[in-house]
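Working notes for the structure below.
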Amino acid sequence: MNYNDLNWQKKMKLTTDYNNMMSEYVGEKEGFTEKELFGSLDIAKKAFQEVEAGRGKGMMGWTELPYNQDDIVDDIIKTAEDIKDKFDNFVVLGIGGSALGPIAVFQALCHLRHNELPKEVRKAPKLYVEDNVDPERMNALLDVLDLDKTMFNVVTKSGSTSETMSQYLIIMDILKKKFGDKAKDHMIATTSESKGNLIKIAKQEGLKTFYIPDGVGGRFSELCPVGLLPASVVGIDIKELLAGAKYMDGICKSSDIKENPALIGALLQYLSMKRGKNISVMMPYADSLKYIADWYCQLWGESLGKAVNKEGKEVFAGQTPVKALGVTDQHSQVQLYREGPFDKVITIIGVEKFRSDVTISDGCEDIPDVNFLCKHTMSELINTERKATEYALTTANRLNYTIMLPEVNAFTIGQLLYLFEMQTAYTGAMLGIDTFNQPGVEGGKNATYALFGRKGYESTKEEMNSARKKKDDYIC
């Protein structure tokens, strides 16, 4: 296979161009000098050492995923082949990391109209990822599914996620009414092996089960069965995906910021935050990478947005992630990025070679303002516009840097996911916060439990009931 060939791997290596973060390009007021960068090496070195020391421990089990899943991957591939033979639809029931990763990888590596292709062309089931509890959405999904030909995958580590478990209850009830004791043949559970509600339910119902390692949180779970099973079902080479992550991990084992793209990216974002750059814009220039930005938003926001540091001191850390899509958002958001507040760092993702291309047809010979496009390709146009946006941002002294993929394939996507995971870990270490908890999310969950009358949350309900009542005067 190509991804085992060292020469091919080098050709597929991602590059990070941070010229436009430097003062030589965006001016001394906004950019960083080499003196500032290398004067912060102690911060980078300490973060690097912290992440290295934490590998495989606690909630850093995700660092081992490129290395320790051989048997699991074989089981996933075998299961996926069986699903392909028997089913036309594969539905993921999950939210947050259980959904965003599968969506991002599906969009990146499958045909952009996968679900609309005839079965003989796509050669894999349609994929639906249900990551919300809007009742209209659930009914709409059921309207288009042939349950005889549908496999569901319920994904939650705890088995107490209200959104996912409500979906499970609805779907399992429908399956039991239709299939009786064969309902289990239409459901796979992905959950914790040792704790939580879903593992109990899976055993009671006799469901095929895949396990989420204890040290892998939802936003870091795409490279475990959470993401690997849906990917394999739709025909993605998950061994290549993991090989890409492993390759990037090898690169990130260097403590030299000139050699480690995740470490230099983290340091630049950290220094930018210290200067009040509180917004991180992720702007891929490829429709295939559109949902990488959504996945990144959870990874970055949930990991770094913390009220206190590890010592319990209030720090209110974090950087608000914003998703954009080139070229689309050149016509909506770039006006703000170029002329609005100096509070952003824009990460551009480009693709050197697209998997297919379209030549712009001849025409409008008498209208030079249109005819100049003729005989060029759409890949030329999108990459030219990417370079133009980079130039426009830079000349307006706006911090930006570019990550380039030689092409979009499973190996490069594995690299990209792992790059951002490592960058997030390094940045959290620099900020001195717990990168892997999510107390803010738990607050909302607990309030939901209380409002629904779940046992154990009576005090939260009392607290909510005693909260200041809203005034009609402030409602118009």
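So the sequence shown is numbered by this note's numbering: it starts at 9 and just counts up by one. Just so it is clear, CB atoms sit at the ideal spot from N, CA and C, and this is done for glycine as well.
Whole alpha helix (DSSP H) elements within the segment 42-130, 4-residue minimum: 42-46, 49-62, 78-94, 105-117, 127-130
Bridge partners - Gly-358, DSSP secondary structure assignment: Met-412
Coarse secondary structure for Asp-25, derived from DSSP in three states: strand
Through-space distance from Thr-71 to Lys-464, alpha-carbon basis: Looking at the sequence shown, residue 464 is not Lys but Gly. Each residue's Cα considered, the two are about 35 Å apart.
Close beta carbons around Asp-442, own chain, < 7 Å, minus the five adjacent residues each side: Lys-314, Lys-318
Range covered by the alpha helix (DSSP H) that runs through Val-449: 447-459
Secondary structure of Glu-393, DSSP reduced to three states: helix
Buried versus exposed call for Arg-130 [16 or more other C-beta atoms within 10 Å across all chains shown]: buried
Reference Ser-369; option with closest CA among Arg-363, Lys-361, Val-378: Val-378
Span of the alpha helix (DSSP H) around Ser-240: 233-241
Gly-104 beta carbon less than 9 Å from that of Gln-306: yes
The beta strand (DSSP E) enclosing Glu-470, as first and last residue numbers: Looking at the DSSP string, Glu-470 is not in any beta strand (DSSP E); the run it does join, the alpha helix (DSSP H), is 466-473.
Ala-132 in three-state terms, based on DSSP: coil
Range of the contiguous alpha helix (DSSP H) that encloses Phe-218: Where Phe-218 is concerned, there is no enclosing alpha helix (DSSP H), although the beta strand (DSSP E) it sits in stretches over 216-219.
Cβ-Cβ separation, Ser-240 to Thr-164 (assumed contact under 8 Å), whole Å: With 8 Å as the limit, Thr-164 and Ser-240 do not qualify as a contact, their Cβ atoms being about 20 Å apart.
Distance between beta carbons of Thr-468 and Ala-458, contact taken as under 8 Å: 4 Å
Spatially closest choice to Thr-336 from Glu-393, Gly-320, Ser-280, by CA coordinates: Glu-393
Closest by C-alpha distance to Val-330, when choosing among Ile-287, Gly-348, Glu-310, Tyr-345: Ile-287
Integer Cβ distance of Thr-367 from Thr-385, believed to fall under 8 Å: 5 Å
N-terminal and C-terminal residue of the alpha helix (DSSP H) that Glu-144 is part of: 143-152
Opening and closing residue of the beta strand (DSSP E) in which Met-195 lies: 195-199
Asn-12, DSSP secondary structure in three states: helix
Ile-300 vs Ile-357 beta-carbon contact at 9 Å: yes
Supposed close pair Leu-275, Ala-52 - CB separation, criterion 8 Å: 5 Å
Nearest candidate by alpha-carbon position, reference Ile-182, set Gly-214, Asn-417, Asn-454, Met-146: Met-146
Which of helix, strand or coil DSSP assigns to Glu-267: coil
Contact between the segment 72-87 and the segment 161-176 (3+ Cβ pairs under 8 Å): no
Contact the segment 112-123 vs the segment 255-268: 3+ CB pairs below 8 Å: no
Tyr-426 versus Ile-259 - alpha carbon distance: 11 Å
Under 9 Å between C-beta atoms of Pro-238 and Leu-135: yes
Distance between beta carbons of Gln-423 and Ala-253, contact taken as under 8 Å: 7 Å
Proximity of Val-242 and Cys-232 at Cβ, strictly below 9 Å: no
Contact check, Leu-249 vs Ile-421, beta carbons under 9 Å: yes
Beta-bridge partners of Ser-288, as assigned by DSSP: Pro-329, Val-353
Contact check, Gly-62 vs Trp-303, beta carbons under 9 Å: no
Nearest-angstrom Cα separation, counted from Glu-230 out to Gly-39: 34 Å
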